Each structure stands twice: as C-alpha cells, then as structure tokens.
Amino acid sequence: MKRNQMFAVLYGCVTIFILLIICNTMLTFAIQTQFVTHENIFLVSFLVGLVILFISGVITGIKGKEHGWLLGGFVGIIFILMIVFIQYVGLEEQILLKQSIYLITYMLSAMIGSVVGVNFTHKENN
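Quick note: the sequence shown uses our numbering, first residue 103, plus one each step.
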C-alpha cells in the first residue's frame with residue numbers, strides 16, 4: 103500500500119470520528135426534543151451510520167485516487183474493529199449474528215463511498 107493511500111485511510115477514519123461526534127450531538131438534541139422517539143432511534147442511528155461511512159469512504163477515495171473498494175474496505179474494517187472492541191471489552195457482550203449483518207452493511211457503505219470518491223478524481227483528471 104502506498105503512502106498516500108495510508109493517509110487516505112487515516113483521513114477516512116478521522117472523518118468517521120468527527121462526524122460521529124457531530125451526529126451524536128445532533129441525535130441527542132433530537133431525542134430530547136422528541137423529534138426522534140425510542141421506537142425509531144435504531145433506524146435513525148443506523149441510517150446516520152451508513153451516511154457517515156459513505157461520506158468517509160468518499161473522502162478516502164478522493165484522497166487515495168485508486169483502489170477504492172480496497173481503501174473503503176480498510177476504513178470499514180477499522181470501524182468494525184472499533185465497534186467490536188468497545189462492545190466486547192467495554193460492555194463485555196459478544197457480537198450477535200444480526201449485529202454482524204449491520205456491521206457488514208456499514209463496511210459495504212464505506213466501500214461504495216470510496217469507489218464513488220475514486221471516480222470523482224478520475225473525472226477531474228479527464
């Protein structure tokens with residue numbers, strides 16, 4: 103892996119953390135104002151996570167300029183490992199099959215975003 107591709111993955115991971123902090127703050131206010139109820143909080147947080155990983159994948163693809171699916175996969179795997187670490191070590195719970203499907207969906211979102219980002223850079227070069 104080239105140096106600029108490693109920096110692209112780092113940019114993607116930093117983007118994930120920044121967007122997670124911003125979106126969690128917004129989601130907290132939405133819950134307090136009853137805009138998001140307890141019945142639909144899972145769906146809202148899942149969709150927000152997909153958008154966050156897609157945006158970070160796009161940024162990774164733009165910075166990496168090639169191998170979008172691979173760079174997006176790395177960003178998705180780093181995100182999944184962070185979730186597994188927090189859940190297993192912090193909460194002492196195992197990952198369920200249903201959760202693994204959601205985590206794979208997150209990784210696919212990052213991969214698709216990264217492919218889109220790489221295609222943005224190819225259109226700019228032509």
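Note that the Cβ used here is the ideal one computed from N, Cα and C, for glycine as well.
Only a predicted model underlies this, so the values are computations on that prediction, with no experimental measurement involved.
Which whole-angstrom value is the C-beta distance of Thr117 and Ile161, which I expect to be below 8 Å? Confirmed, Cβ separation roughly 5 Å.
Run the CB neighbour count on Lys200, radius 10 Å, all protein chains shown included, and call it buried at 16 or more, exposed below. So Lys200 ends up on the exposed side.
Just to confirm, are Gly114 and Val177 a CB contact at a threshold of 7 Å? A distance below 7 Å separates the beta carbons of Gly114 and Val177.
Return the chain-ordered ranges of every alpha helix (DSSP H) run that is complete within the segment 147-215 and spans a minimum of 4 residues. List check, alpha helix (DSSP H) in window: 170-187.
Would you call the segment 188-197 and the segment 130-138 touching, i.e. three or more CB-CB distances under 8 Å? Fewer than three pairs of CB atoms, one per stretch, sit closer than 8 Å, so the segment 188-197 makes no contact with the segment 130-138.
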